[in-house]
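*Asks:* In the numbering used here, the protein residues as written are 1 to 571.
We put the beta carbon where it would ideally sit given N, CA and C, even for glycine.
1. Which stretch, first to last residue, makes up the beta strand (DSSP E) that contains residue 535?
2. Which one or two residues does DSSP pair with residue 232 in a beta bridge?
3. Check each candidate in 138, 232 and 223 and name the one with the smallest Cα separation from residue 258.
4. Evaluate residue 17 with the Cβ neighbour count: other Cβ atoms within 10 Å of its Cβ, from every protein chain shown; 16 or more gives buried, anything less gives exposed.
5. Does DSSP put residue 374 in a helix, a strand or coil?
6. When you compare only the Cα positions, how much space is there between residue 173 and residue 413?
7. Report the rounded CA-to-CA distance for residue 146 versus residue 70, giving the unit in angstroms.
8. Report buried or exposed for residue 426, applying the criterion of at least 16 other Cβ atoms within 10 angstroms of its Cβ.
9. Can you give, in chain order, each stretch of the alpha helix (DSSP H) that sits fully within the region 199 to 228 and has at least 4 residues?
10. What does the Cβ neighbour count give for residue 19, buried or exposed, with the cut at 16 atoms within 10 Å?
11. Using only the alpha-carbon positions, how far apart do residue 382 and residue 550 sit?
12. Restricting to Cα atoms, I'd like to know which of 133, 340, 471 and 143 is closest to residue 252.
13. Indicate whether residue 136 and residue 184 have their beta-carbon atoms separated by less than 9 Å.
14. In chain order, what residues of the same chain lie with their CB nearer than 7 Å to the CB of residue 210, ignoring the 5 residues before and after it?
15. Got a sec, what are the start and stop residues for the beta strand (DSSP E) residue 447 sits in?
16. Roughly how many whole angstroms lie between the Cα atoms of residue 514 and residue 483?
17. If you pair each beta-carbon of the region 84 to 102 with each one of the region 162 to 176, do three or more pairs fall below 8 Å?
18. Just tell me which of 232, 141 and 222 has its CA closest to the CA of residue 94.
19. I'd like to know whether the C-beta atoms of residue 334 and residue 369 end up nearer to each other than 9 Å.
20. Buried or exposed, going by whether 16 or more other CB atoms sit within 10 Å of the CB of residue 450?
21. Should residue 477 be labelled buried (16 or more other beta-carbon atoms within 10 Å of its own) or exposed?
22. Helix, strand or coil for residue 503 per DSSP?
23. Should residue 387 and residue 326 be called a contact, given that it needs their Cβ atoms to be closer than 9 Å?
24. Using three-state DSSP, classify residue 463 as helix, strand or coil.
25. Between which two residues does the beta strand (DSSP E) harbouring residue 484 extend?
26. Near residue 201, what residues of its chain come up, given a Cβ to Cβ distance below 7 Å and the 5 sequence neighbours on each side ignored?
27. Return the bridge partner residues of residue 349 from the DSSP annotation.
Here you go:
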């Protein structure tokens, strides 16, 4: 009858343990996945807040490794690590209590004494492991970046027949990853046998000391067998400490790596809430009597611009009754971090509402840097750039950038449909998207595609030609009628006739907003209200097309070369 009671009790205990373990494991793993979800969202959102310059100095593959591998390590520590840590804590407590009640205090203390040495050993290995895990994860990041860069540049690699070199480059990165992992494996392979060896001393002590107690009659044979059973239950969680230490060490190193990025402060941020509230409001918050729809609110002008229409000093734009400036540079000097010389120096130029400024210059003269300051993609020195008379640093970033339509030099399309690339999550109607595509002279091309606007463009727009990608980017920029339109050499991939047609359609649009055009073609800039020539970050010439042709400088030389090239083509 007692055997039946014991059997039922053991069954109930086993079932109870099974239900309890399921509940607490499901809870812990569920919490760890919630942490992963929140952590990854927070990390990604933080990356979106960082300034463009941060991504110029950090590898994409490394950031991808942080987003995937490092966060996975933190999740594993918060889930699997916690579960095994609880097991390794609860089971030894119960086992030691049962060992004590079964064989007494002395045998229990003697058999457990190797655990002190075991603890010291685990701490020693954890200190060594920290640096090894860090190098292992850095090697993985480098491997990820090598693969990403190869896939992104696969067309260039094939064009120059450099597959073998790229394979060798990947093999070197893979070899370094293997070495870093082998160092970690070697450390773990040394730690686990050490932990097992130290743990086995507990059985040696139990056999020698417990056996002598049995011989002396101080301990029954049944008690000795039970004691060894409980000791076996104690040893497994203790030997698992090394594995648990590995999980938490990986999570700890990954967490530190992630925190380094989370501690990064954006170089470009909005000013205080009070300042932002007093700054210019966006077009949707404006009432009657304010600036025209589609432009930012006008503020009091602090200085008058130079006139347009006749010869002007370098750095001054000629003027023929220019209205209030929408964009004004006042003695702006800008340097990239760590640069020996400024990229832009003493730039002073005003662009009135509804006027067009053209910027020409040799490669590397600072053209793209100059227009990157307007949406504050780069940090603008205070008091050097004004929008509608207000210091650009006082304008909320979201409102400033939503008022600017920009077509960058390096056209980027997402792996989505043409419609999604033009609309870009802004919720415009199909009629508005068609209108923008017609302005950019891409509608006919899209209409020829089998899926029309639902055509997938592939990664970075790989299925489209360079000119098609540029025109889709133009459609994206003009959609929504931004108050400032920036075209950064965005017609370089289209032929002269298509360029003329696009500019003709854009001309009416540009009359209603402040526009800036960067181009190496005189045909694209000659009708601008004002033209400046940049050389080594300085304005060396400024004026209208006719004015600059009369001057013996870079612009006149560029015009003569392009005119000669056209004559040769016609001949």
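*Replies:* Let me spell this out:
1. 530 to 535
2. DSSP lists no partner for residue 232.
3. 138
4. exposed
5. coil
6. 30 Å
7. 18 Å
8. exposed
9. 211 to 216
10. exposed
11. 36 Å
12. 133
13. yes
14. 103, 107, 219, 224 and 227
15. Looking at the DSSP string, residue 447 is not in any beta strand (DSSP E); the run it does join, the alpha helix (DSSP H), is 443 to 448.
16. 6 Å
17. no
18. 232
19. yes
20. exposed
21. buried
22. helix
23. yes
24. coil
25. 484 to 488
26. 114
27. 329
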